[in-house]
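This report refers to the structure that appears directly beneath it.
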Amino acid sequence: MHTVRRTLVRVVAILVTVGVLLLGGAIPAQAASLSPSSGKTWFGPDLDWGSDAPDGYEGRLGATPSSYAVEIDYPVDASAERQLLRSTRAAAAQGATLVVSLEPDAALRSLTAADARHANTLFEEVHDQYDTQVLVRFAPQTNGTWVRWGQQPTQYVRAFRALATAVHGGTSDALMVWSPSYGAGYPFGESAGRLADLSATDTAKLDTNGDGQLTAADDPYQPYWPGDSSVDWVGMSMFFFGKGKATQAAGRDVPLTTNDVPVSGEVAARFDEAWGYDAQQQSDFYDRFAVGHDRPMLLDTGALYDHSLRGATELAVKQGWWRQVFSAIEDRPLIRGVTFLETNRREPEAGNRVADWRDTAVPGIAGSFRTDLQGTDRFVFGPVTERVTPQDGNAATNQQLDTGGDQMA
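Oh and the sequence shown: position 227 is 1092 in this note's numbering, straight run, nothing missing.
The following block contains the structure:
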């Protein structure tokens, strides 16, 4: 039944395309992609897929999210292919969309058009099997120093555009997401001396005020912008590490000594580009890139809690953060997706101790999270696409194998 429906969808799409061309019109890029209804926002967890899965999250939350997120190595090797297929199957079984963060594990300069075409082929195959809407978040937080691909604007933009060209030229309906990190504290640590190691092209791009230095006075976003033709959604990473002041960004040199609730208005101030900067910025990310380029926005967020420290309760810290996020979203209609970090991991920001980002590990916190999500009337619960069970997915895969199609399974 699923295969028949997909065939009908493709036939209709072909007829529409022919009609548009006969009438002298232009075909819009990514015309068949799925988006939330106006004024609504997808949400879901960025899971630790090694120890967690959508079934577990859905059970803990007591509700079905509209999205899941997964990190995949890029270029996509056999192991990454298996992870992509596993996560797509699990999301499809709940009728959820999937945010795929492609994280380069090789030098940006070594990434090729063939790597991009291979990734796109995989997106097409999982889309054919599961009809899952995929958002491709390529090399997120690229303006940071803590990622291998960070602060290399020329090679980053080249690689992003190559992947976007492959995705937009294919049939996966996947959407390309450009997602830097919140800019306070940029260039993040001892980066001023890095100009000497950069190419002349990168030096000119990063030194946006032309003073010959890479400092907090330089634009944390613009050098990494791939351009309108490559970007379908914009995004941002914005996390609460439980430390820092409104006038000073908290880095790894600032110790985390206690669990504190977020200061009132912190998230709104971040969206206004006013939190953690030494001086007020001329404009904020949302207005510049979401409104200015007419793009939906995907927020990646969460609040850290260190169980080894005293202070506020875990619920007070995490609810204090997510409620501010919900309030800020109400005022920003172009925020159409939010992923919440749902993992337990060591964090340099916490002195390399294990930090808990999870909103659903404790039943009481999970219940409060669900209640607050439902209370906003902004978030879309799943399913948002047709549910495709593992059996349906396997049947589709087997049929494609029988006809010489997909070889992923």
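Glycine included, C-beta positions come from ideal geometry on N, C-alpha and C. Predicted, not measured: the structure shown is a model, and the values here were computed from it.
DSSP three-state call for Y1151: helix, strand or coil?
helix
Taking the Cβ atom as the reference point for each residue, do R1160 and Y1047 lie within a distance shorter than 8 Å?
Cβ distance not < 8 Å, so R1160 and Y1047 don't count as in contact.
Taking 8 Å as the cut-off, does the stretch 1183 to 1199 touch the stretch 1164 to 1172 (at least 3 CB pairs, one atom from each stretch)?
yes
So is A961 buried or exposed if we call it buried at 16+ other beta carbons inside 10 Å?
buried
Count Cβ pairs between the stretch 936 to 948 and the stretch 967 to 976 that sit closer than 8 Å; are there 3 or more?
yes
What would DSSP say about K1183, mapped onto helix, strand or coil?
helix
Take K905 and list the residues in its own chain whose beta-carbon comes closer than 7 Å to its own, dropping the five residues that flank it on each side.
Non-local beta-carbon contacts of K905 in its own chain, meaning distances under 7 Å to residues more than five positions away in sequence, involve R1243 and V1245 in chain order.
Count the other CB atoms within 10 Å of the CB of K1276; is the residue buried (16 or more) or exposed (fewer)?
Given that the chain is displayed from residue 866 to residue 1274, the structure contains no residue 1276 and the question cannot be resolved.
What runs of the alpha helix (DSSP H), each 4 residues or longer, lie entirely inside the stretch 991 to 1021?
none
Check for me: the beta strand (DSSP E) holding P969 runs from which residue to which?
T962 to P969 is the span of the beta strand (DSSP E), which, as asked, contains P969.
Does the pairing of the stretch 1067 to 1085 with the stretch 1126 to 1135 give three or more beta-carbon distances under 8 Å?
These segments do not touch.
If the criterion is Cβ atoms closer than 8 Å, does the pair S952 and S1044 meet it?
no
Taking contact to mean at least 3 C-beta pairs separated by less than 8 Å, is the stretch 1134 to 1148 in contact with the stretch 1170 to 1188?
no
Three-state secondary structure (DSSP) of V1032:
helix
Going along the chain, which unbroken runs of the beta strand (DSSP E) with 3 or more residues stay wholly within the stretch 1181 to 1247?
1200 to 1207, 1209 to 1212 and 1218 to 1221
As assigned by DSSP and simplified to three states, the class of S1102
Strand.
Would you call the stretch 1197 to 1204 and the stretch 901 to 920 touching, i.e. three or more CB-CB distances under 8 Å?
yes
Let me check one thing: in DSSP terms, what residues is F908 bridge-paired to?
V1203
L950: first and last residue of the uninterrupted alpha helix (DSSP H) it sits in:
A943 to A958
For W1011 and V1219, what's the separation of their Cα atoms in angstroms?
18 Å
Decide if H992 is buried, meaning its Cβ has at least 16 other Cβ atoms within 10 Å, or exposed.
buried
Quick one: what's G1176 bridged to in DSSP?
The bridge partners DSSP lists for G1176 are N1124.
E1214 versus A918: straight-line alpha-carbon distance, rounded:
Going by the C-alpha atoms only, they are around 26 Å apart.
Proximal residues to H1158 (C-beta, below 8 Å), its chain only, five neighbours per side dropped:
D1093, V1096 and V1099
What's the C-alpha gap between T1030 and A984?
12 Å
Helix, strand or coil for K1108, going by three-state DSSP, please let me know.
Coil, per DSSP.
May I ask you to list the residues that DSSP assigns as paired with D938?
DSSP output for D938 lists E968 as bridge partner(s).
Using only the alpha-carbon positions, how far apart do A971 and Q1078 sit?
Taking the straight line joining both Cα atoms gives about 28 Å.
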